[in-house]
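Colleague:
Numbering (the working numbering), first residue to last: 32 to 276.
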């Protein structure tokens with residue numbers, strides 16, 4: 032199901048033809064976890080709190096532009112309530128442990144960027160089976176504009192990881208509208224997984240560099256298409272080989 036890159040970014044040279052990657056940023060719900068949120072219920076409750084039908088519009092944007100503070104607060108509470116209801120159904124997606132193990136072995140930083148609340152993010156981290164937490168882990172409560180705005184992604188690269196170029200970072204998620212657009216706007220490599228990856232009608236701004244089925248396929252993609260690079264004690268590490276620089 033993999034789609035090869037639409038354009039070239041940074042590579043290591045020496046004829047490798049593979050893209051350099053120094054960090055991976057994951058979406059949470061639907062990417063690291065099996066989709067568990069009832070968005071139909073969430074949209075209904077948010078619409079009721081705002082006093083209007085929001086249809087398929089972006090819920091967080093609709094809340095943001097609401098003039099009434101009480102309605103804004105009620106709508107955010109409605110979103111949080113549905114997220115909390117989803118906690119009981121939260122399950123890790125297949126392949127999470129294997130992908131994290133690969134990245135950790137290669138000393139590649141991994142972060143989370145989610146439109147979910149900090150409570151949901153904490154709930155997720157508390158249930159990681161023997162896997163080190165993602166860092167940074169950025170929720171909608173961190174003060175950044177939510178995806179598809181690129182601000183938080185750029186902050187992770189510049190501040191959280193000490194200046195890694197977004198062109199050497201992968202943004203992976205299950206939403207073309209949010210994850211792919213945020214990644215493209217920041218200049219990152221974009222990977223779309225899940226049901227939307229099967230779509231052939233995506234607008235240009237939502238078209239990712241790669242389309243895959245799941246994280247198990249992402250593990251294969253990392254080994255096949257990328258040079259995972261870390262600078263530790265003067266050594267750069269590539270997937271499948273080690274070369275001293």
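Note that beta-carbon positions come from the ideal geometry of N, C-alpha and C, so glycine has one too.
Since residue 144 and residue 169 should fall inside the 8 Å C-beta cutoff, what is the C-beta to C-beta distance between them, to a whole number of angstroms?
Modeller: Rounded, the Cβ-Cβ distance is 5 Å, consistent with contact.
Colleague: List, from N- to C-terminal side, the alpha helix (DSSP H) runs of 4 residues or more that fit wholly inside the stretch 154-237.
Modeller: Listed in chain order, they are 182-186, 212-217.
Colleague: When you compare the CB positions of residue 219 and residue 201, do they come within less than 8 Å of one another, or not?
Modeller: Yes, these two residues count as a Cβ contact at 8 Å.
Colleague: Hey, would you say residue 247 sits closer than 8 Å to residue 78, going by beta carbons?
Modeller: In this structure, residue 78 does not lie closer than 8 Å to residue 247 by Cβ.
Colleague: Return the residue from the list 207, 104, 159 that minimises the CA-CA distance to residue 64.
Modeller: For residue 64, the nearest C-alpha among the options comes from 159.
Colleague: Does the count of Cβ pairs from the stretch 100-110 and the stretch 79-90 closer than 8 Å reach three?
Modeller: Yes, the stretch 100-110 is in contact with the stretch 79-90.
Colleague: Quick one: grab the DSSP three-state call for residue 105.
Modeller: Residue 105: helix per DSSP, three-state reduction.
Colleague: What do you get for residue 234, buried or exposed, if any count of 16 or more other CB atoms within 10 angstroms of its CB means buried?
Modeller: It is exposed - the Cβ of residue 234 has fewer than 16 other Cβ atoms within 10 Å.
Colleague: Could you please give me the residues that DSSP links to residue 57 through a beta bridge?
Modeller: 143, 203, per the DSSP bridge assignment.
Colleague: May I ask which residues mark the beginning and end of the beta strand (DSSP E) holding residue 95?
Modeller: Run containing residue 95: none in the beta strand (DSSP E); it sits in the alpha helix (DSSP H), 90-95.
Colleague: To the nearest angstrom, how far is it from the Cα of residue 175 to the Cα of residue 184?
Modeller: C-alpha separation (whole angstroms): 9 Å.
Colleague: Just checking, does the stretch 224-239 make contact with the stretch 112-119 on the three C-beta pairs under 8 Å criterion?
Modeller: No: fewer than three Cβ pairs fall under 8 Å.
Colleague: If you reduce the DSSP assignment to three classes, tell me which class residue 120 lands in.
Modeller: Correct three-state label for residue 120: coil.
Colleague: Please report the distance separating the alpha-carbon of residue 48 from that of residue 88.
Modeller: Each residue's alpha carbon lies about 40 Å from the other.
Colleague: Can you check whether the CB of residue 128 is closer than 8 Å to the CB of residue 85?
Modeller: The answer is no: Cβ separation not under 8 Å.
Colleague: According to DSSP, is residue 62 helix, strand or coil?
Modeller: Coil at residue 62, not helix or strand.
Colleague: So, helix, strand or coil for residue 110, using DSSP?
Modeller: In this structure, residue 110 counts as helix in the three-state DSSP scheme.
Colleague: Which residues does DSSP list as the beta-bridge partners of residue 243?
Modeller: Note: residue 243 sits in a beta bridge opposite 224.
Colleague: Given that a residue counts as buried once 16 or more other Cβ atoms are within 10 Å of its Cβ, and exposed if not, what is residue 112?
Modeller: When all chains shown are included, residue 112 counts as exposed.
Colleague: Would you mind sorting residue 221 into buried or exposed? The rule is 16 or more other CB atoms within 10 Å of its CB.
Modeller: Residue 221 should be labelled buried.
Colleague: Could you tell me the distance, in whole angstroms, from the CA atom of residue 178 to the CA atom of residue 210?
Modeller: Taking the straight line from one Cα to the other gives about 7 Å.
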